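Q: Could you have a look at this structure, given as structure tokens, before my questions?
Protein chains: 4
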Amino acid sequence: MIAQYPPMGWNSWDCYGAAVTEETVRANADYMAKYLKDYGWEYIVVDIQWAQPTAATHEYIPFAEMDMDEFGRLIPAVNRFPSAANGQGFKPLADYVHGLGLKFGIHIMRGLPRMAAHRRLPIYGSEYTCAQAANPNSVCAWNPDMYGLKCDLPAALDYYRSIFDLYASWGVDYVKCDDIAREYPHCKREIELISEACRNCGRDIVLSLSPGPAPVEQAEHLKKYANLWRITDDFWDEWRLLKGMFERAEKWCVHAGPGHWPDADMLPVGALRQCYEQDGQGADSGERSHHGWTNFTEAEQRTMLTLWCIMRSPLMIGGDLPKNDDFTLKLLTNGPLLAMEKEAWCAHPVCRTEEECVWVAPRKDGKGCYAAVFNLSDEERIVSVPHSAVEYAWARATELWSGQPSDALSAKLPPHDAAVWYLE
Amino acid sequence: MIAQYPPMGWNSWDCYGAAVTEETVRANADYMAKYLKDYGWEYIVVDIQWAQPTAATHEYIPFAEMDMDEFGRLIPAVNRFPSAANGQGFKPLADYVHGLGLKFGIHIMRGLPRMAAHRRLPIYGSEYTCAQAANPNSVCAWNPDMYGLKCDLPAALDYYRSIFDLYASWGVDYVKCDDIAREYPHCKREIELISEACRNCGRDIVLSLSPGPAPVEQAEHLKKYANLWRITDDFWDEWRLLKGMFERAEKWCVHAGPGHWPDADMLPVGALRQCYEQDGQGADSGERSHHGWTNFTEAEQRTMLTLWCIMRSPLMIGGDLPKNDDFTLKLLTNGPLLAMEKEAWCAHPVCRTEEECVWVAPRKDGKGCYAAVFNLSDEERIVSVPHSAVEYAWARATELWSGQPSDALSAKLPPHDAAVWYLE
Amino acid sequence: MIAQYPPMGWNSWDCYGAAVTEETVRANADYMAKYLKDYGWEYIVVDIQWAQPTAATHEYIPFAEMDMDEFGRLIPAVNRFPSAANGQGFKPLADYVHGLGLKFGIHIMRGLPRMAAHRRLPIYGSEYTCAQAANPNSVCAWNPDMYGLKCDLPAALDYYRSIFDLYASWGVDYVKCDDIAREYPHCKREIELISEACRNCGRDIVLSLSPGPAPVEQAEHLKKYANLWRITDDFWDEWRLLKGMFERAEKWCVHAGPGHWPDADMLPVGALRQCYEQDGQGADSGERSHHGWTNFTEAEQRTMLTLWCIMRSPLMIGGDLPKNDDFTLKLLTNGPLLAMEKEAWCAHPVCRTEEECVWVAPRKDGKGCYAAVFNLSDEERIVSVPHSAVEYAWARATELWSGQPSDALSAKLPPHDAAVWYLE
Amino acid sequence: MIAQYPPMGWNSWDCYGAAVTEETVRANADYMAKYLKDYGWEYIVVDIQWAQPTAATHEYIPFAEMDMDEFGRLIPAVNRFPSAANGQGFKPLADYVHGLGLKFGIHIMRGLPRMAAHRRLPIYGSEYTCAQAANPNSVCAWNPDMYGLKCDLPAALDYYRSIFDLYASWGVDYVKCDDIAREYPHCKREIELISEACRNCGRDIVLSLSPGPAPVEQAEHLKKYANLWRITDDFWDEWRLLKGMFERAEKWCVHAGPGHWPDADMLPVGALRQCYEQDGQGADSGERSHHGWTNFTEAEQRTMLTLWCIMRSPLMIGGDLPKNDDFTLKLLTNGPLLAMEKEAWCAHPVCRTEEECVWVAPRKDGKGCYAAVFNLSDEERIVSVPHSAVEYAWARATELWSGQPSDALSAKLPPHDAAVWYLE
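Residue numbers (my numbering), protein chains in the order written: chain A, 259 to 682; chain B, 259 to 682; chain C, 259 to 682; chain D, 259 to 682.
In structure tokens:
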């Protein structure tokens with residue numbers, strides 16, 4: 259089964275934006291193999307704009323030329339990914355990652371490059387052209403590169419087949435498809451085509467849909483056609499966004515299970531925004547500064563990891579791994595905590611207010627359960643698991659951040675902090 | 259704890275409407291004590307209009323005189339409840355029910371009788387009058403008897419105290435308060451006052467709120483102030499309503515737990531609508547006929563019981579118990595099935611389409627779990643539990659309606675039928 | 259034709275609220291006959307609560323006893339209307355008003371008195387009772403006195419006939435029916451019944467519907483069944499409300515015509531709120547103080563009169579007439595301005611912004627037209643009629659507030675002031 | 259003043275779609291000069307796709323090459339407009355039209371050609387490029403040719419100036435700008451830029467905005483920045499659309515006046531859809547057939563002309579003029595009817611139901627008024643002007659379709675027919 263457990267890995271967006279390079283990818287893969295692999299981390303994912311030679315920040319350049327083959331398929335910009343030279347695409351880089359015992363993923367946008375349509379390029383292995391497959395009125399609201407496809411025409415599936423077959427030949431293990439998960443209903447059919455192309459490309463490829471929020475009314479459709487799908491818009495290191503995730507997690511938790519995972523987005527921890535000079539200048543958004551380290555407090559990072567793990571969200575690290583400090587590395591290598599991703603099931607909140615939240619999840623093996631408490635307020639606060647919430651008759655409780663045994667399911671928490679117990 | 263498990267019992271509405279009598283209540287109590295008590299059934303609940311001497315069907319008579327004491331508190335109509343003579347209220351009947359080892363409940367409408375306001379009667383134990391407590395603009399949309407209260411005034415709490423103290427003196431164990439659960443936000447404060455009066459009356463009284471649908475956004479408020487609350491409008495023996503319950507159950511399931519239970523409403527099984535002549539004439543609604551037996555097929559009744567049990571809804575039998583046939587009695591005494599009400603937790607659907615639905619629930623003791631499949635279509639259908647849905651590693655499966663062991667979690671089901679497995 | 263022109267008169271609400279007395283009515287009628295009649299003013303209207311003996315302010319007293327006859331028809335409280343003694347109702351007062359050459363009107367609430375239903379009083383001239391006609395679930399949101407009627411039953415028309423026949427016998431010329439104009443769709447049928455009773459009572463009675471805003475989608479229904487209907491909620495002496503009327507007037511202007519007039523509500527000029535001690539204490543609403551004189555500036559009063567006249571709204575003076583000062587009397591006796599109510603037609607705004615508004619209306623006789631400019635801003639401002647707005651080729655312009663000739667259709671206006679020209 | 263009266267003319271869309279040619283334009287201009295000019299018709303407007311060499315029907319061809327100059331300005335396709343050879347653009351054709359005593363208009367889409375952006379062409383007379391002015395995310399929902407502009411950048415105004423200056427040099431008198439009138443709020447600024455470029459191009463050019471429905475809340479903005487704007491989506495020869503226009507006309511009528519005219523769209527009369535083989539085959543829409551003659555009955559055409567004239571909508575004939583039959587020519591040359599466009603003002607409906615509608619309009623010169631009745635039902639029906647509707651005291655009535663005097667303002671009308679009286 260593809261994605262039996264929530265995928266865990268690293269993604270280049272939070273630290274390198276549209277400007278990720280092969281060198282950076284290799285460095286992060288090396289780090290993961292050395293420090294994280296033993297804890298379950300395995301995917302190395304190259305995010306957006308790898309075909310655009312001049313991308314330098316988190317922004318997109320309208321009408322920029324993108325590298326593509328004669329069939330309108332984007333290929334890595336060789337100036338950024340040297341091993342892609344001579345038409346080898348991502349194969350050499352994927353081979354390198356595989357050689358470390360890891361898996362390799364890439365980002366794509368739905369649709370095909372606008373210029374492939376204007377140039378009327380042929381679709382590989384098809385009688386149709388890109389001009390026939392492209393829908394000139396289907397454009398992404400935030401990225402200028404592509405046209406969506408006319409999904410009622412056979413040309414559309416032909417195009418998607420042509421790219422997934424290429425990705426399979428490169429050795430891709432994970433595709434994050436963008437501009438699609440929140441685009442219901444008009445992208446419903448496009449999701450089905452992409453899924454069909456992915457499932458039939460001859461290689462096990464995890465299919466991840468972005469950005470969110472995907473509509474919860476489409477849960478069954480998403481579970482059938484994708485392995486993970488974003489439940490939020492882009493998540494960054496702001497408390498407001500983290501707090502908001504509790505409501506989203508509540509709506510989605512019943513839909514998590516082997517092969518289909520609601521995705522709370524990357525973990526913005528450690529060294530972020532590394533594609534900028536670290537002088538605090540040059541904003542790409544008024545909402546966050548550009549200094550290069552996560553704005554999350556340690557408490558907030560515990561809260562994030564606790565929620566992501568108990569709800570069994572996929573875990574994709576956003577920070578530049580080689581720059582991790584001790585705290586960050588320790589955060590990401592808390593084995594008993596990460597075990598929830600594999601051992602918990604039927605996780606759900608038992609209460610949620612503006613000030614606090616409590617989650618509970620049994621273990622699949624029947625040997626106990628987990629209970630987490632979150633202080634969502636801005637003041638120190640004692641948060642307790644309600645008696646009604648843990649119907650499992652436990653004998654021993656261990657708090658997983660401290661590693662200490664506990665008599666009561668109650669904790670005095672700093673603002674935005676969390677505690678989580680393993681109950682046996 | 260009040261309502262540690264979902265309450266199970268009998269309610270007079272489905273079979274006797276507004277016309278229930280003491281004789282009927284005693285007969286149903288006798289039957290329950292003899293045939294059902296051993297399976298967990300215990301509440302005997304007298305539904306609406308017990309203070310109205312002339313009620314004869316499911317309808318309400320505008321401007322009818324209701325029996326009340328000199329403090330504007332409704333008291334049982336003696337012509338219908340003879341033991342209430344001499345101001346004894348429901349005490350003698352409650353005593354009788356207690357004598358059988360059962361518990362006794364009554365229905366009330368929020369507010370106070372309109373005539374108690376127009377007559378400016380004093381509130382018992384208060385310096386205020388009913389005219390001061392009543393809000394002349396707060397009337398029920400479907401019942402003509404009461405005025406809601408001005409909940410910002412102390413007179414309102416005084417009135418609610420006066421009635422709950424009376425109910426405690428009668429020995430009432432369960433109060434179903436009507437015209438309130440779906441009346442958010444304007445009844446939010448009224449719920450709090452009723453809860454306060456109930457909690458402080460000196461007796462453990464289960465507080466149940468009707469009718470639904472209560473708004474799921476108010477889940478925390480409901481959990482705090484009530485023991486159960488309706489998640490639907492009145493539920494009757496129509497497949498359309500039963501099918502619709504699957505969506506409601508999905509929204510509410512995370513909110514079930516000791517002390518607070520989302521309520522899917524009475525079970526319309528067996529002999530219903532017994533307050534009419536059984537000639538099929540005299541409709542009180544164009545939507546259902548008046549014949550006296552449930553319109554649900556046996557398959558539909560299995561589906562209903564399975565869903566109510568796995569979601570841990572309260573169970574209130576709607577039929578006239580002494581008229582139960584073998585099927586109905588057997589349906590209500592399936593011990594392993596009913597065990598889910600006490601032993602399951604963290605129940606949730608894992609998929610739901612127009613055609614089928616699957617639920618899963620672990621056991622609290624860690625010894626296995628439950629999985630149920632439902633055929634929601636109108637044709638025979640094989641319904642299977644997805645592999646991703648049961649992460650518990652089970653060794654043995656028993657189907658609880660047949661009592662037979664099973665190799666696979668898959669069943670060929672007639673239209674509207676269900677199967678449910680206990681997995682060890 | 260009833261209401262060939264927009265009715266003009268006086269109404270007791272703004273100055274005496276629910277506490278109007280016969281003495282006050284007579285004094286206002288005397289004043290109108292002496293000072294206003296020659297300018298077209300003719301209706302004297304007794305507003306709400308004339309059947310309630312203890313009403314003293316603008317508030318309503320829940321569960322107060324109201325005077326009614328043995329058929330559940332409200333009759334004037336004799337302590338407040340002495341001439342109503344001996345069952346004469348409003349006949350003596352109406353006779354007095356008629357003797358002055360004026361017309362007499364009263365206010366009613368839709369429905370019948372609640373206690374008439376609870377007492378099951380018979381309906382005059384009908385086989386039915388008030389209990390049968392009353393709908394116990396139809397109550398006014400802001401007044402506690404009445405139940406709306408079950409308009410599908412013949413008893414409802416019987417009741418409305420019984421009251422309109424009584425009003426005709428009293429000599430009533432104008433009925434303002436309340437709790438109805440904004441209550442579409444549920445009161446649509448009730449409007450039709452009231453209209454039918456009014457049209458068939460044997461006397462010409464103007465039928466006015468309140469409160470607003472009536473829905474503009476129902477314009478044809480209103481035009482068919484009523485002579486005037488409110489286009490706003492209660493209008494008081496606040497600039498915010500006056501400014502808001504420009505948008506409402508724009509929506510409704512095409513619906514004004516002989517027999518059917520959109521009504522912008524009473525004119526709060528002169529001595530208001532006379533039912534309070536004039537110490538500025540005792541608010542019935544946080545939004546306005548209780549001092550006894552209009553809060554409108556003179557400029558605002560000109561703006562109000564100009565808009566009401568050019569849009570041809572009914573004009574009902576809200577102030578206590580005998581207390582008028584010179585300004586107020588002059589305001590109300592500007593003949594050339596008031597002539598617009600009779601001579602203009604096809605009036606409409608030609609532009610409207612946050613800062614200014616311009617209206618134009620031809621004359622019916624083809625001899626010229628009117629153009630008005632309004633300064634809606636809080637600063638002095640030159641407001642001009644756009645060239646495109648007056649397609650009539652005029653030779654002479656007279657400004658109607660100053661009475662002066664004018665070369666250009668442009669005026670430097672103080673904040674909230676207006677100018678209006680008659681163009682020949 | 260530009261557009262002192264509602265423009266009247268001919269537009270190529272209804273008969274030739276995207277495939278209009280110079281030959282056709284000249285033939286229609288010749289006809290107009292000969293048969294229609296004396297009645298006020300004067301504009302000859304070339305509609306969409308004149309820069310696209312291969313357009314053949316009403317459809318648009320994605321990714322088709324369009325003729326443009328080296329500054330990204332579209333120019334007429336020489337194969338369709340031979341006189342445009344040698345860079346002369348529409349100048350020779352405009353000269354020809356002017357020589358006939360008529361005026362010349364063209365259609366444009368907001369924005370600039372997509373390929374002008376992808377090719378990064380310079381903007382004429384600007385320091386910026388088309389790539390800088392174009393917004394890659396602003397595309398038309400129904401046409402694939404253009405990108406909208408980044409209206410906050412100076413490059414946007416530069417581009418619009420560059421095209422309007424070109425149009426002025428060609429001698430264009432009328433520009434119909436498409437993909438904009440219903441695109442509020444996001445196109446509000448784009449309308450302002452286009453208006454500014456139009457007003458400053460050195461030639462009087464009528465600015466018309468399409469398609470509708472423009473939002474009535476934006477009436478003041480539209481009146482300020484445009485001369486006409488569509489109040490509906492495309493109007494064709496279907497009764498459903500014509501009936502629907504009565505509601506739109508009611509909302510918009512107060513906004514008609516010199517310089518600013520709400521536009522009910524072209525008149526689909528006579529020979530339509532001439533770009534198809536006339537075999538009834540080949541639908542471009544499931545809703546209408548392709549036969550080449552209007553589907554409107556004669557009655558419906560009278561209704562359409564009556565409504566358009568009394569509301570003072572612009573009049574643009576949609577049929578191929580040389581193919582007019584007698585009825586059509588007579589319809590378009592009813593002088594007394596067309597006089598309403600110039601002589602009426604303050605037009606408005608006085609009633610409108612599903613079955614009938616009545617409009618009234620005074621004359622600007624004070625000498626009478628107009629009243630029109632419409633039978634909107636599917637059966638013969640007597641429709642009368644309500645007495646309350648015509649407050650002008652008329653002495654003589656002439657029905658303008660029959661030319662006959664009339665005693666009463668009432669007519670027995672066939673289904674969908676109209677009558678209109680001139681009242682003196």
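Every residue, glycine too, gets a C-beta built ideally from N, C-alpha and C. These figures come from a predicted structure and were not determined experimentally.
1. Name, please, each residue of chain B whose Cβ falls closer than 7 angstroms to the Cβ of H316/A.
2. Check whether the Cβ of A522/A lies closer than 8 angstroms to any Cβ atom in chain B.
3. Hey, does Y650/D have any beta-carbon neighbour from chain C nearer than 8 angstroms?
4. Pull up the distance between the alpha-carbon of N344/D and that of R447/D, whole angstroms please.
5. Tell me whether E637/B is buried or exposed, calling it buried when 16 or more other Cβ atoms sit within 10 Å of its Cβ.
6. Just verifying my parser: in three-state terms, what is the DSSP assignment at A392/D?
7. If we call anything under 8 angstroms between Cβ atoms a contact, is R368/C one with I306/C?
8. What does H365/D touch in chain A if you count any residue whose Cβ is under 9 angstroms from its own?
9. Examine the Cβ distances between the stretch 282-297 of chain A and the stretch 578-593 of chain A and report whether three or more of them are shorter than 8 angstroms.
10. According to the neighbour-count rule (16 or more other Cβ atoms, all chains shown, within 10 Å of its Cβ), is H645/A buried or exposed?
11. Look up A352/C in the DSSP assignment and say whether it is helix, strand or coil.
12. Determine the contact status of P469/C and D495/C, defining contact as a CB-CB distance below 8 angstroms.
13. Mapping DSSP to helix, strand and coil, what is P520/D?
14. Kindly indicate if chain D contains any beta-carbon less than 8 angstroms away from that of T279/C.
15. With a floor of 4 residues, list each alpha helix (DSSP H) that falls wholly inside the stretch 455-524 of chain C, ordered by position along the chain.
16. If contacts are defined as beta-carbon pairs under 8 angstroms, then A669/D and V641/D qualify, I think. What distance do you get, rounded to the angstrom?
17. Taking all protein chains shown into account, do 16 or more other C-beta atoms lie within 10 angstroms of the C-beta of P663/D, making it buried, or fewer, making it exposed?
18. By the criterion of Cβ-Cβ separation under 7 angstroms, what are the contact partners of P380/A in chain D?
19. With a 10 Å radius around its C-beta and 16 neighbouring C-beta atoms as the bar for buried, classify K625/C as buried or exposed.
20. Starting from R610/C, follow the beta strand (DSSP E) in both directions and report where the run begins and ends.
21. With a threshold of 8 angstroms between beta-carbons, can W603/A be considered close to chain B, or not?
22. Can you find a CB in chain B that lies within less than 8 angstroms of the CB of D572/A?
23. C609/D touches chain C at which residues, Cβ-Cβ below 8 angstroms?
24. The stretch 494-519 of chain C: which residues have C-beta closer than 9 angstroms to a C-beta of chain D, in chain order?
25. Tell me whether V641/B sits in a helix, a strand or coil according to DSSP, three-state version.
26. When the cut-off is 8 angstroms and only beta carbons count, does A399/B lie next to chain C?
27. Pairing CB atoms from the stretch 386-403 of chain B with CB atoms from the stretch 311-327 of chain C, are three or more of them under 8 angstroms?
A: Taking the definition as stated:
1. In the first sequence, residue 316/A corresponds to position 58, counting from 1. By Cβ distance, chain B contributes nothing, its closest Cβ being about 35 angstroms from H316/A, past 7 angstroms.
2. Locating residue 522/A in the first sequence gives position 264, counting from the first residue. So, not an interface residue.
3. The residue given as residue 650/D occupies position 392 in the fourth sequence. Answer yes: the Cβ-Cβ gap between Y650/D and chain C drops below 8 angstroms somewhere.
4. For the purposes of this step, residue 344/D is taken as residue 86 along the fourth sequence, with counting starting at 1. For the purposes of this step, residue 447/D is taken as residue 189 along the fourth sequence, with counting starting at 1. Going by the C-alpha atoms only, they are around 35 angstroms apart.
5. Position 379 of the second sequence, counted from the first residue, corresponds to residue 637/B. With fewer than 16 Cβ atoms within 10 Å of its Cβ, E637/B is classed as exposed.
6. By 1-based counting over the fourth sequence, the position of residue 392/D is 134. Collapsing the DSSP output to three states places A392/D in a strand.
7. By one-based count along the third sequence, residue 368/C stands at place 110. By one-based count along the third sequence, residue 306/C stands at place 48. Going by beta carbons, R368/C and I306/C fall outside the 8 angstroms limit.
8. Locating residue 365/D in the fourth sequence gives position 107, counting from the first residue. Residues of chain A passing the Cβ test: none, with the nearest at roughly 19 angstroms.
9. Two segments are said to touch when three or more pairs of C-beta atoms, one from each, lie closer than 8 angstroms; by this definition the stretch 282-297 of chain A touches the stretch 578-593 of chain A.
10. Here residue 645/A refers to the residue found at position 387 when the first sequence is read from its first residue. Exposed.
11. Here residue 352/C corresponds to residue number 94 of the third sequence, with the count starting at 1. Looking at A352/C - three-state DSSP - the assignment turns out to be helix.
12. Position 211 of the third sequence, counted from the start, is the residue given in the question as residue 469/C. Position 237 of the third sequence, counted from the start, is the residue given in the question as residue 495/C. It is not a contact, given that the beta carbons lie outside the stated cut-off.
13. By 1-based counting over the fourth sequence, the position of residue 520/D is 262. DSSP places P520/D in strand when its eight states are reduced to three.
14. The residue labelled residue 279/C in the question sits at position 21 within the third sequence. Output row for T279/C: interface = no.
15. 477-483 and 497-510
16. Stepping through the fourth sequence from its first residue, residue 669/D is reached at position 411. Stepping through the fourth sequence from its first residue, residue 641/D is reached at position 383. Yes, A669/D and V641/D are in contact; Cβ-Cβ is about 6 angstroms, under 8 angstroms.
17. Taking the first residue of the fourth sequence as 1, we reach residue 663/D at position 405. That one is exposed.
18. For this step, residue 380/A is matched to residue 122 along the first sequence. Within 7 angstroms Cβ-Cβ: nothing; P380/A doesn't reach chain D, min ~14 angstroms.
19. Numbered from 1 along the third sequence, position 367 holds the residue referred to as residue 625/C. Label assigned to K625/C: exposed.
20. Position 352 of the third sequence, counted from the start, is the residue given in the question as residue 610/C. H606 to R610 is the extent of the beta strand (DSSP E) around R610/C.
21. For the purposes of this step, residue 603/A is taken as the residue at position 345 of the first sequence. Chain B, which has a Cβ nearer than 8 angstroms to the Cβ of W603/A, makes this yes.
22. Against the first sequence, residue 572/A aligns to sequence position 314. Strictly speaking, residue 572/A in this sequence is Pro, with Asp absent from that position. So no, P572/A is outside the interface.
23. For the purposes of this step, residue 609/D is taken as residue 351 along the fourth sequence, with counting starting at 1. Under the 8 angstroms cutoff, chain C gives E478 and K481.
24. E508, C511, V512, H513, G515, P516, G517 and H518
25. Within the second sequence, the letter at position 383 stands for residue 641/B. If DSSP states are grouped into helix, strand and coil, V641/B belongs with the strands.
26. Taking the second sequence and counting its residues from 1, one reaches residue 399/B at position 141. It does; some Cβ of chain C falls within 8 angstroms.
27. yes
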